[in-house]
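Okay, structure first, notes after.
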Amino acid sequence: MSVRTMRGQVAIAGIGETHYYRHGKSPDAEFKLALKAIQAACDDAGIDPREIDGFSSYANDRNEASRLAAALGTRRLRSSLMQWGGGGGGCCAAVANGAAAIATGMAECVVVFRALAQGAQGRFGTGASTAGAPENAYMQPYGVLSPTQKFTLKIRRYMELHGVRQEALRAIALAAYQHAQANPRAVMHGKPLDAAQYDASRWIVEPLHLYDCCQENDGAAAVVLVAAERARTLRHPPAFLLGAASGSGHRTGAHPHNAPHYASASFDGVAQDCFRMAGVTPADVGVVQVYENFTGGVVMALAEHGFFAPEQANEFLTLENLTAPAGKLPFNTSGGNLAEAYLHGFELVVEATRQIRRTSTSQAARSDISMVIGAPLVSPVSNLILGSEATL
Amino acid sequence: MTYLPAGLPAPTEDVEGLSAPYWRGLREGKLLVQRCVRCTAWQFGPEWICHGCHSFELNWVEVTPRGTIFSWERVWHPVHAALKSHGPYLVVLVELAQAGGVRMLGNLLGDPMQSVAIGAPVHGEFEPHSEVEPPYTLLHWRAA
């Protein structure tokens, strides 16, 4: 039997973003933000939005494919894809699902997007997005309502089992903020963070300080996917999808807090699947974007992807190693969820593409293989590896 | 006097009725955990099927509320109006060795600034909320 793979078959040909706002501050309606980002991505690719025949999103995005297709006057709608699961766990899977539609002949041109305007909808940080989930009954009466309160229990156990120190978490926050200072699109541009400010910041949930937790923002981001051969005819160097995977390990979703492999970012199996499809190893990855819901989850996710052993986290995770251009593994080079904008991680997919094009405001020295890791700690999670033409 | 102030969401039973025996047990001062009749595997939270052997025949078995701290956190930032001026509180995840290692989440009673250690033994304390309708009971933990 031949090996079934998507490696090299589909590419990101266009990227688009709206302005990024603090939460609740968008002057535009959420659907208008989605349209603006999609239009920007199509303009970037040089593709008429009427050519789009598929839409893919995640996290129960409210901007439904049929309405988008009607609003944009697309000629046909052939694929309308939604990755299950709340939160940013689907930020890479949404790309993979769209690419799979193209690779299997179900669509020709798929837009993958995420749009968020929280003004009218209630903030994630208050737990509003999971209201009504049955497992809340076992948590909310005990004051466990927000994502931070739910996921810190995993982080605490992991840190204690593997001796991870606060300094490792701090280096992650500092790297994201340092990269945001070079990125004029970042909400935290012009607001540098140093170690003393981090140390003095208030606890949200011990051991997480304020700066260990992501922002909440309004905005939208989108990418345009087409088949590899089409991408080569367009105006930008294609970012080819080398590998992608999603899911979680054995009974990760056993609520409440009963996953057998508890102190985990949920990438057991998912990390290996992605590297296997891409045909690369962690050492080949030149630059990485990791969804920082919480810095502790980033530590766990990077270790589960084999960038270091858990016991090496303290020595690997330093500001020097994590910053572009020459760090060992430049991380969140646009500022990420912490300091650019929290677009449920989709801004990370856009930035990973810029790294392939070598147009990032914090360009990594090695960027032919550019990875995204989506939403540690939740289930399902997802990841993807992009490559330049040279990697095919 | 309850550990956390009044006004937090009450534990609403799921619409399928799956968790009703658990909450009824707490009201009666009993900790009940689901157990498979066929393969004797323990299971929490409850599900319609045994994850081990796929039997639909599951019982609710009374368990002594004793365990060890599997993880913990000290919450400082209030996200609910009821907690705005309350200050820090402790949440523990407790592993019940006598029930197949299932875990329960609750608050750790006593000083919110007490030192907490993974692996430390705890025992359960029932906290009735009889002032609300319908009434319910929570299960908290205290260092043993």
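As you go down the protein sequences, you meet chains A and B in turn. Residue 290 in the working numbering sits at position 290 of the first sequence, with consecutive numbering throughout. Quick note, the working numbering runs 1000 ahead of the 1-based positions in the second sequence. We treat Cβ as the ideally placed atom computed from N, Cα and C, and that holds for glycine. All values derive from a computational prediction rather than experimental measurement.
Within chain A, the residues that residue i reaches when beta carbons sit closer than 9 angstroms
i, result
"residue 1142/B", "Residues of chain A passing the Cβ test: none, with the nearest at roughly 14 angstroms."
"residue 1123/B", "In chain order: nothing, as chain A lies at least about 17 angstroms away."
"residue 1051/B", "251, 254"
"residue 1102/B", "258"
"residue 1070/B", "153, 157, 257, 262"
"residue 1008/B", "140, 141, 142, 143, 145"
For residue i, the three-state DSSP class (helix, strand or coil)
i, result
"residue 172/A", "helix"
"residue 60/A", "coil"
"residue 1068/B", "strand"
"residue 106/A", "coil"
"residue 6/A", "coil"
"residue 91/A", "coil"
"residue 23/A", "coil"
"residue 270/A", "helix"
"residue 1044/B", "coil"
"residue 240/A", "strand"
"residue 80/A", "strand"
"residue 1104/B", "strand"
"residue 434/A", "Coverage of chain A is limited to positions 1 through 392, which leaves residue 434/A absent and any answer about it impossible."
"residue 1099/B", "helix"
"residue 1039/B", "coil"
Integer Cβ distance of residue i from residue j, believed to fall under 8 angstroms
i, j, result
"residue 329/A", "residue 307/A", "6 angstroms"
"residue 85/A", "residue 270/A", "Residue 85/A to residue 270/A, Cβ: 13 angstroms. No contact."
"residue 1091/B", "residue 142/A", "6 angstroms"
"residue 194/A", "residue 295/A", "In fact, because the Cβ distance is near 16 angstroms, the residues do not count as touching under 8 angstroms."
"residue 255/A", "residue 1045/B", "5 angstroms"
"residue 1073/B", "residue 156/A", "6 angstroms"
"residue 179/A", "residue 357/A", "Between residue 357/A and residue 179/A the Cβ distance is about 17 angstroms, and since that is not below 8 angstroms, they are no contact."
"residue 281/A", "residue 205/A", "With a Cβ gap of about 35 angstroms, residue 281/A and residue 205/A do not count as contacting."
"residue 1067/B", "residue 1132/B", "Their Cβ separation, rounded to whole angstroms, is 27 angstroms, which puts residue 1067/B and residue 1132/B out of contact at 8 angstroms."
"residue 1036/B", "residue 1052/B", "6 angstroms"
"residue 81/A", "residue 97/A", "4 angstroms"
Chain-ordered neighbours of residue i on chain B, where CB pairs are closer than 7 angstroms
i, result
"residue 139/A", "1105"
"residue 146/A", "1079"
Beta-carbon gap between residue i and residue j smaller than 8 angstroms
i, j, result
"residue 285/A", "residue 298/A", "no"
"residue 1081/B", "residue 1006/B", "no"
"residue 278/A", "residue 243/A", "yes"
"residue 125/A", "residue 1033/B", "no"
"residue 107/A", "residue 6/A", "no"
"residue 181/A", "residue 338/A", "no"
"residue 91/A", "residue 367/A", "no"
"residue 88/A", "residue 24/A", "no"
"residue 340/A", "residue 187/A", "yes"
"residue 303/A", "residue 310/A", "yes"
Residue i: contacting residues in chain A (beta-carbon distance under 8 angstroms)
i, result
"residue 1074/B", "203, 205, 206"
"residue 1138/B", "141, 142"
"residue 1011/B", "137, 138, 140, 141"
Closer than 9 angstroms at the beta carbon, the chain B residues around residue i
i, result
"residue 310/A", "In chain order: nothing, as chain B lies at least about 16 angstroms away."
"residue 282/A", "Those do not exist, as residue 282/A stays about 28 angstroms from chain B at its closest Cβ, beyond 9 angstroms."
Within chain B, partners of residue i - CB distance below 8 angstroms
i, result
"residue 342/A", "The contacting residues do not exist; residue 342/A stays about 16 angstroms from chain B at best."
"residue 292/A", "Neighbours of residue 292/A on chain B: none; closest Cβ ~17 angstroms, over 8 angstroms."
"residue 149/A", "1073, 1075, 1079, 1091"
Beta-carbon neighbours of residue i, restricted to chain A and to distances below 7 angstroms
i, result
"residue 1085/B", "None at all; the shortest Cβ gap to chain A is about 14 angstroms."
"residue 1044/B", "258"
Note down, one range per segment and in chain order, each beta strand (DSSP E) of at least 3 residues found wholly within the region 339-389 of chain A.
As far as the region 339-389 of chain A is concerned, its whole beta strand (DSSP E) runs of at least 3 residues are 369-374, 381-387.
What are the start and end residues of each continuous alpha helix (DSSP H) run of 4 or more residues lying completely inside the region 190-217 of chain A, in chain order?
Runs found: 195-200.
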